[in-house]
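Visitor: Next up is a structure, given as structure tokens.
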Amino acid sequence: MFIYLDFVPHFTCACCGTCCRNDWLVTVDDAGYIRNREFFARTGRAGEFTAAFTPLAGKRAAGEYAAIAKRPGGGCWFLREDNLCLLHREAGHEHLDGVCRLFPRYPMRTARGVELTLSFSCPEVLRLADRPEPLNVVRAEEPPIPLEADSYTAEVFPGQQPRHSVLGYYFELEHHFIDIIQCRGLTVAGRLDFLAATAAALASLPSSPDAGREVDRLIRGNYDRLDAAEAAGVAALDPADIMLEHFFVNLIFKKVFYLHGLTGAMRLLQALWRRLAAAGAGGDAGRLERVKGAVMAAEFEYCHNRAALLKIAAGR
Ligand code: SF4
Ligand code: SF4
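Using the numbering used here, count along the sequence shown one by one with no gaps and you end on 662.
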């Protein structure tokens, strides 16, 4: 089974080069380092290999062996002026390391199958997300786009949670959390507050054989309140608010609550929300563009500087 957000099949890289100019370290694993060393030796450019690939010093994260150098303007060593990747052109897609092959795709292996979304730090993804309709979760027998085997950014198996943990009901919770964020009878701030209260209530449930029943009871009570909020009237839809809605839906679909726990994930969302809300303050014509910029920065931080973000979120 393939489960994905409905904008995924519509993505095509616009070759804008943004992801190859970002303020991140593009790394390769040891196999990628050797593959490139051999490639550059074969093409008579051993000197360029030494200049472009620098083994990382000190403690390395799993799968990170060396970094690709940056050009003076901040772009990757291999980014050409026309925004195409020299390494891709000369050696082919398969030659690239994982992050370069995958971005902005975000595949996850879960107990439901393969789940897939996109990163909001890509401008083309934001362009697709700039739409009034809610993002929908699609289930299909076929993958929406070609996928590589064993390139997953997260593994989600709620059955492996401790016995009677509410996260054992993770998929039901994810569905409900997305419904909360998509409740257009509430402001975006109101939806975040509702989500925070729900996460806190769930986190305070004792581990017991009744956990499933308690989760169900809480969710049903919530739907009564969400239905009442929508019945009271849906506010005029502002494109910037809808972009914020889509960003949070995507973050939840990326399993933030499973990966960081109910309390940790909520802190993280609230830390991001504070910045996004500041960017979205005011009702002027530039609001959508400011929010888009803040969404890209928030996604980038979530993907590449999460440890620092979690520290901020935890008040450390
Ligand atoms: S930022 Fe997105 S559209 Fe631009 S080059 Fe990267 S993947 Fe393509
Ligand atoms: S190696 Fe190519 S795809 Fe990867 S960051 Fe550099 S220019 Fe972009």
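Yeah, the Cβ is synthetic: ideal placement off N, Cα and C, and Gly gets one too.
If we count the other Cβ atoms within 10 Å of its Cβ and call it buried at 16 or more, is residue 534 buried or exposed?
Guide: Buried is the call here.
Visitor: Which word fits residue 527, buried or exposed, when buried means at least 16 other C-beta atoms lie within 10 angstroms of its C-beta?
Guide: It is buried - the Cβ of residue 527 has at least 16 other Cβ atoms within 10 Å.
Visitor: Can you tell me the Cα-Cα spacing of residue 407 and residue 652, whole angstroms?
Guide: Looking at the two C-alpha atoms, the distance is approximately 13 Å.
Visitor: By the DSSP assignment, the alpha helix (DSSP H) with residue 451 in it spans what residues?
Guide: Per DSSP, residue 451 belongs to no alpha helix (DSSP H); it is in the beta strand (DSSP E), 451-456.
Visitor: Where do the N-terminal and C-terminal ends of the alpha helix (DSSP H) with residue 419 fall, by residue?
Guide: Taken as a continuous stretch (DSSP letters only), residue 419 belongs to no alpha helix (DSSP H), as it is neither H nor E.
Visitor: Comparing the CB of residue 602 with every heavy atom of ligand 2, is any distance shorter than 7 Å?
Guide: For ligand 2, not one heavy atom lies less than 7 Å from the Cβ of residue 602.
Visitor: I believe residue 561 touches residue 548 by the beta-carbon criterion, under 8 Å. Please report the beta-carbon distance rounded to the nearest angstrom.
Guide: Indeed they touch by this definition, with Cβ atoms about 7 Å apart.
Visitor: Just checking my contact of residue 478 with residue 583 at CB under 8 Å: how many whole Å lie between their CB atoms?
Guide: At roughly 6 Å, the Cβ-Cβ gap stays under 8 Å, so residue 478 and residue 583 are in contact.
Visitor: Counting only runs that start and end within the stretch 454-522, where is the alpha helix (DSSP H) found for 4 or more residues in a row?
Guide: Counting only runs of 4 or more, we get 469-475.
Visitor: Just reading off the alpha helix (DSSP H) that residue 585 is part of, what are its end residues?
Guide: Run containing residue 585: 585-599, per the alpha helix (DSSP H) assignment.
Visitor: Please report the distance separating the alpha-carbon of residue 317 from that of residue 460.
Guide: Here the chain comprises residues numbered 347 to 662, so residue 317 is not present and cannot be evaluated.
Visitor: For the stretch 417-426 against the stretch 365-382, are there 3 or more C-beta pairs whose distance is under 8 Å?
Guide: Yes: the two stretches touch, three or more of their Cβ pairs being nearer than 8 Å.
Visitor: Taking 8 Å as the threshold (C-beta atoms), are residue 592 and residue 475 in contact?
Guide: The answer is yes: Cβ separation under 8 Å.
Visitor: Measuring CB to CB, does residue 644 end up less than 8 Å from residue 614?
Guide: No, Cβ-Cβ distance for residue 644 and residue 614 is not below 8 Å.
Visitor: Compute the distance between the beta-carbons of residue 504 and residue 516, then report whether it is under 8 Å.
Guide: A contact, by the Cβ cut-off of 8 Å.
Visitor: Could you check what DSSP says for residue 547 in three-state terms: helix, strand or coil?
Guide: Three-state result, residue 547: helix.
Visitor: Please report the residue range of the alpha helix (DSSP H) in which residue 609 lies.
Guide: It spans 602-625 - the alpha helix (DSSP H) in which residue 609 sits, taken as one unbroken run.
Visitor: Give the straight-line distance between the Cα atoms of residue 349 and residue 392, rounded to the nearest whole angstrom.
Guide: Approximately 44 Å, taken between the alpha carbons.
Visitor: So what's residue 540 in DSSP terms, helix, strand or just coil?
Guide: Looking at residue 540 - three-state DSSP - the assignment turns out to be helix.
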